[in-house]
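Working notes, structure below.
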Amino acid sequence: MTDTDYRRVDDVVDELFARHPPQSTEPEEFWGAQYDLGLAWVWHEEGFGGLGLSRKDQPHINWRIEEAGGSTENRLSNLLGIAMGAGVLTTHGTDAQKQRWLRPMFTNQEIWCQMFSEPGAGSDLAGLSMRAEPDGDEWVVNGQKVWTTLAHVSKWGMLVTRTDPESPKHRGLTYFVVDMEANGIDVRPLYQITGEAEFSEVFFNDVRIPDENRIDSVGSGWRVSLTTLMNERVAIGGNTVPRGSGRIAKAVDVWKRSGSADPLLRDELIHLWAEVEAARLTSARANELASAGVPGPEGSIGKLAWADLNKKITSFTLDVMGLEGTLYPGGYQLTRPTSFDTSMPQKAFLRTRANSIEGGTSEIMMNILGERVLGLPGEPRVDKELPWKDVPRG
Amino acid sequence: MSVSYAPTEDLELIRTTARQFLEDRIGLETVRELMMSEEGLDRGLWKEIADLGWTGLAIGEEHGGAGYGLTELSVLLEEMGRLVTPGPFFASAVLATAAIDTAGDDVQKASLLPRLASGEIIATLAVFEEPRGWDLPSLATTATADGTGWVLDGAKPFVLAGQQADVIIVAAGFDDGIGMFVVPADAPGLDVTETPVLDPTRRQADILLNGVRVDGSALLGGGESTISLRKTLGIGTACLAAEQVGGSQRCLEMSVEYAKTRYQFGRPIGSFQSIKHRCADMLMKTEHAKSTAYHAVRVVDDDDEFAIAAPLAGSVCSEAYNWIAGETIQVHGGIGFTWEHDAHLYLKRAKASSLLLGDARYQRQLLGQAIGL
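Going down the list, the protein sequences come from chains A and B. According to numbering that gives the first Met the number 0, the first sequence is numbered sequentially starting from 0. According to numbering that gives the first Met the number 0, the second sequence is numbered sequentially starting from 0.
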């Protein structure tokens, strides 16, 4: 950021603090004022939570708020809205849509969720089946979504549907924002292998969505979905963890407490430590090169590497525990979790199995590396030009 | 600690100059000729390399070098690794030079470093005695005081570039621990026999020392130098890691190129996920290897951090290169197993280089000690 930008941002932050002292103002009111002053998404245009600056200026603002004792908790508790939904609205939404949704999103009054995956559409997202049919000024939606985070507490959902089954799969999709309190929506907990229901299944039975909640034109749902996923990657990437922290720290801790003198276990632990450090240094290098404007393949390999490492480390940790690793303190509780804490190694072992599936399977990530980074040819696609309704499914 | 990985202008210049020279002058056909030649070295090429300033790149300007550091030197190693460049560069410009630089006194440096920088002499370092003796257990090679000098006795069966070297720095046990002695290759009692090796681009010799007499001034630093020797081996490990990175990157490129142009079942084989994903794995391992090698050479002056970074790079890069070189043969199928194809040059370099200064398991032991595990 240029010095002028810094001064401008700092001046506005000072103004925010003067009018709404961060420590004594209710978070909701503070976030509202932050939005009104253009410090919510500083790269948005003025009037929509921004000042028309660069995305890179935002971390400085967040840091100043946290340092002053203010809260940036909304960025986590409404992650899908603030990190992804806002980007979709600014890229594809109308001014009326931005006006309606952005402020209450940022103040955390209206939580957002994202409904993409279906039981029949995982890696092949564009093959999804949820049907939306026009009816006057409304759309009638039927089908099922799955693996939806925060669905049970959300006011709004980002939804991609099939509006034209006669077109090839990528061309017949349309994107909506749906009121999660609408009639015909049934949110059910989806219990995962830990017994907890971090996610939901969402059933749509003749749900009516007003056409004014459609994002971009009919048939452009794939493009809008890609914007959503792109914002997801920007949100996930970019932070480097300290050396030896996180899951490897837990493994080291468990190993030290076990008092094990087994040289094979020790070598395996150091081996994992080295792999973690190599992945960590790669993230650091990628971040530096990206900020220096030299984009390389280092960024894309992060998710792939961490998914594999998380699974290996948590499995190894149970090995170190030996028979203690066969226990499950507290037992399996079929509940909605109140936190995402996985400090218990047994739960971490189970939860990390999804790391190589969620947010793009490792197989898909390797296809991306192979095709987009290395330039290898794609698989022949049998469904590319076929009308979606004629594509075999099962 | 803040370390920058962004390539500077100097680094980029060194890289492009090196790549061009190596591709023009020491391409893989030349590599094959040198590999099968008796000496394994073209003295004319060695002179050219020295004239380019490579042998003195990391030697101080006061000793006739260019005054750069390990980061710059490692770029040369990476580029040589790409083309499995034969010769004594690693033994002389890395190991022996680092030994003199870390352990030598001012007089020794002034007498040896300028001649190394100019390429006038080739040197090497003779340390290991046992096949897996990387942790330097008490050395059987001994130095016995004799008047003002020393008498060396023992055997060093795995000396890099032993027959090409004019000067051999011998690690020997004496009263105070380990000392490093500068021995001329023509010293009486020194017997150097070339050994057939797995990777003929990097020669080795079996060296016997039978009552080899040297002056008192031959002892680097005038005394015990175990710590300097370990630092030297760490520098060697970091440079070897950079070389392994270059080889890994080249293997990845060869594999991807072949996967794009080789057709079976009516498709380029790179369109099959089994091949594509293997290449993606090669990419990931190469990038991880780069990160550890680039980090190690950048922290060489911070002893605590280097004690972690060097074995980290040694273990990660050795494993990466071994795996990638092996998979390169698999991606190429039958042609990759022929003498005619270049894949075996990389496989041999990968395996041998991962054993020279300690295999990945040994490097992990060093790493474990450094991080308190």
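Where a beta carbon is used, it is the ideal one built from N, C-alpha and C, also for glycine. Note that the structure is predicted; figures quoted are calculated from it, not measured.
Following the DSSP letters along the chain, one finds residue 248 (chain A) inside the alpha helix (DSSP H) bounded by residues 246 to 257. Taking one beta carbon from each stretch, the segment 295 to 308 of chain B and the segment 63 to 71 of chain B have 3 or more pairs nearer than 8 Å; the two touch.
Look at residue 330 (chain B): its C-beta is not under 8 Å from any C-beta on chain A. Residue 144 (chain A) has A:201 as its beta-bridge partners, per DSSP.
Taking C-beta separations shorter than 7 Å and ignoring five residues to either side along the sequence, the partners of residue 287 (chain B) in its chain run 315 and 319, following chain order. The C-alpha of residue 370 (chain B) is placed about 29 Å away from the C-alpha of residue 171 (chain B). Look at residue 340 (chain B): its C-beta is not under 8 Å from any C-beta on chain A. Contact between the segment 91 to 99 of chain B and the segment 123 to 140 of chain B is present: three or more C-beta pairs spanning the two stretches fall below 8 Å. Bounds of the alpha helix (DSSP H) holding residue 20 (chain B) are 8 to 24. For residue 238 (chain B), no chain A residue has a Cβ inside 7 Å of its Cβ, as the nearest lies near 18 Å away. A distance below 8 Å between beta-carbons, with the five flanking residues on each side excluded, links residue 257 (chain A) to the following residues of its chain, in chain order: 319, 320 and 321.
At least one CB atom of chain B sits nearer than 8 Å to the CB of residue 277 (chain A).
The C-beta of residue 248 (chain A) comes no closer than 8 Å to any C-beta of chain B. Residue state for residue 157 (chain B) is assigned as strand, using DSSP reduced to three classes. Boundaries for residue 130 (chain A): no alpha helix (DSSP H) harbours it, while the beta strand (DSSP E) harbouring it runs 130 to 134, taken from the DSSP string. Residue range 189 to 194 is occupied by the beta strand (DSSP E) that includes residue 193 (chain B), with no alpha helix (DSSP H) assigned at that position. Separation of residue 113 (chain B) and residue 64 (chain B) (C-alpha to C-alpha, rounded to the nearest whole angstrom) is 7 Å. Against chain A, the CB of residue 168 (chain B) has no partner CB under 8 Å away; the residue lies outside that interface. Linking residue 195 (chain A) to residue 338 (chain B) through their CA atoms gives a straight-line distance of about 58 Å.
Listed as beta-bridge partners of residue 177 (chain A) by DSSP are A:156. Of all C-beta pairs linking the segment 149 to 162 of chain B to the segment 207 to 221 of chain B, three or more are shorter than 8 Å, placing the two stretches in contact.
Counted as a single uninterrupted DSSP element, the stretch harbouring residue 114 (chain A) is not any alpha helix (DSSP H) but the beta strand (DSSP E) occupying residues 111 to 114. For the 8 Å CB-CB criterion, residue 120 (chain B) and residue 166 (chain B) form a contact.
If you look at residue 315 (chain B), you'll find it isn't in any beta strand (DSSP E); it sits in the alpha helix (DSSP H) that goes 302 to 331. Close partners of residue 365 (chain A) in chain B (Cβ separation under 8 Å): 272, 275, 276, 279 and 280. Taking 8 Å as the CB threshold, residue 264 (chain A) stays off the interface with chain B.
Collapsing the DSSP output to three states places residue 258 (chain B) in a helix. Interface flag for residue 349 (chain B) against chain A is unset, since no Cβ pair is found closer than 8 Å. Closest in C-alpha terms to residue 365 (chain B), from the list B:333, B:332, B:343 and B:312, comes B:312. Around the beta carbon of residue 168 (chain A), 16 or more other beta carbons lie within 10 angstroms, which makes this residue buried. Annotation: the continuous beta strand (DSSP E) that includes residue 209 (chain B) extends over 203 to 213. For the 8 Å CB-CB criterion, residue 103 (chain B) and residue 215 (chain B) do not form a contact.
With contacts defined by Cβ atoms closer than 8 Å, residue 218 (chain A) and residue 171 (chain A) form a contacting pair. In this structure, the straight-line span from the alpha carbon of residue 177 (chain A) to that of residue 50 (chain A) is close to 28 Å. Rounded to whole angstroms, the separation of the alpha carbons of residue 232 (chain B) and residue 264 (chain A) is 27 Å. Under a 10 Å Cβ-count criterion, residue 345 (chain A) is classified as buried, with 16 or more other Cβ atoms of the shown protein chains found around its own Cβ.
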